[in-house]
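Sequential numbering of the sequence shown, starting at 104, is according to our numbering.
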Amino acid sequence: MARQSVSLIATVYNEGESITRLLDSLAAQSRLPDEVVICDGGSSDDTVQILRSYGDRLPNLRVIVEPGANISLGRNVAIAAASGPIIAATDAGVRLDPAWLERLVAPFEDGRDAMAVAGFFLPDAQGIFETAMAATVLPLTDEIDPDSFLPSSRSVAFRKDVWAQAGGYPEWLDYCEDLLFDFAVNALQPDKSTAFAWAPDALVYFRPRSSLASFAKQYYRYARGDGKADLWRKRHAIRYATYFVALPALLGHAFWGFFARWLGWVGLLIGLILYCLHPWQRLAKLGRNFSAREWLQAAALVPVIRAVGDFAKMAGYPVGVWWRRKRRGEGVKG
104 MARQSVSLIA
114 TVYNEGESIT
124 RLLDSLAAQS
134 RLPDEVVICD
144 GGSSDDTVQI
154 LRSYGDRLPN
164 LRVIVEPGAN
174 ISLGRNVAIA
184 AASGPIIAAT
194 DAGVRLDPAW
204 LERLVAPFED
214 GRDAMAVAGF
224 FLPDAQGIFE
234 TAMAATVLPL
244 TDEIDPDSFL
254 PSSRSVAFRK
264 DVWAQAGGYP
274 EWLDYCEDLL
284 FDFAVNALQP
294 DKSTAFAWAP
304 DALVYFRPRS
314 SLASFAKQYY
324 RYARGDGKAD
334 LWRKRHAIRY
344 ATYFVALPAL
354 LGHAFWGFFA
364 RWLGWVGLLI
374 GLILYCLHPW
384 QRLAKLGRNF
394 SAREWLQAAA
404 LVPVIRAVGD
414 FAKMAGYPVG
424 VWWRRKRRGE
434 GVKG
């Protein structure tokens, strides 16, 4: 199949401190996009000025300013303005592998007749804390089942007509919008299998959160988005049951049980191991260059990071559920 025109899109907001990582890596791609369309949501910093300063390195760059646009609206505005039949999407703050775009769009041009393509992202961690964060929250490539993977829109491509048939990104949703878009794209597949071809080597590098406060804010918003979109009820129910039923029961038995209090302590130990096992396994790979002391420091951070993330989710989810019920009570669809 002949080479197809590819439009790269992204939406940004107050990314002046990080946008150059994306733009520098974009300009260094082995295959440059035929055009770049970036929608700015009304930044109050120097994001737009920095974007426009790359006009000489990215001659087909278009910057659209849409004050107040959330992520979904920003993506939809950029895609609607794009001229290419193939859309590649990414996010501000990431660093693209030099062959990212070439590998991401290959399934559209090698005879596979893809509807959409799922790339992947890996942590671009610096130091002990960020490595522990990455090990705790970001899966590695070998953990992914391509048949059920729902890609992040920081590394994804799709035909523009597929975007239109799927109804675009849901503009009523501020977070988790890419998951709903993935569901809508998969719903277009006649046999109900995934519509996304898997391109694990189409990599972007994503910087994990560098503080517990910013991480808690991020996961609060994610869970609020889950509640708004009515996603992952079972996962959230399990989390509440773990913290408000199982954990108090084990602690109660360990401290005040009438018999074999050691069983409570054994249960807590087993729970801690299960709670941290996958992150510790990832840490063995991500922290392979750490000293023993650094690795132990990172390993000790894992349960703290998990607990902070869980409590942030438990705080955010009911807020989203309340918003959804209020919206439905007002007769608003979506």
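Note that the Cβ used here is the ideal one computed from N, Cα and C, for glycine as well. Note that the coordinates shown come from a computational prediction; the quantities given were computed from them, not determined experimentally.
- From the listed residues Gly370, Tyr346 and Phe347, the smallest Cα separation to Ala357 is found for Gly370.
- Approximately 6 Å separates the beta-carbon atoms of Gly423 and Asp329; this is inside 8 Å, confirming the contact.
- Arg165 is not a Cβ neighbour of Glu205, given a cutoff of 8 Å.
- For the options Tyr322, Arg106, Ser121 and Ile376, the alpha carbon positioned closest to that of Lys416 is the one of Tyr322.
- Per DSSP, Ser186 lies in no beta strand (DSSP E) and is assigned neither H nor E.
- Exposed is the label assigned to Pro351, since fewer than 16 other Cβ atoms lie within 10 Å of its Cβ.
- Scanning Phe393, Glu397 and Ala403 for the CA closest to the CA of Pro382 turns up Ala403.
- In terms of Cα proximity to Leu243, the closest of Asp304, Arg324 and Val220 is Asp304.
- Taking every protein chain shown into account, the CB of Ala267 has fewer than 16 other CB atoms within 10 angstroms, so this residue is exposed.
- Taking C-alpha positions only, Ala287 is separated from Lys295 by approximately 11 Å.
- Going by C-alpha positions, Glu118 is about 53 Å away from Arg364.
- Beta-bridge pairing by DSSP links Glu138 to Ser110.
- The Cβ neighbour count for Gly158, taken over all protein chains shown within 10 Å, is under 16; the residue is labelled exposed.
- Around the beta carbon of Pro311, a 10 Å sphere encloses 16 or more other beta carbons of the protein chains shown; the residue is thus reported as buried.
- A straight-line Cα-Cα distance of about 16 Å links Gly355 and Ile373.
- Distance from the CA of Pro188 to the CA of Leu253, rounded to the nearest whole angstrom, comes to 22 Å.
- In terms of CA proximity to Ser256, Thr114 leads the group Thr114, Gly230 and Asp413.
- When the alpha-carbon of Asn392 is set against those of Ile231, Ala349 and Asp333, the nearest one is in Ile231.
- The three-state reading of DSSP puts Pro249 in coil, since its state is none of H, G, I, E or B.
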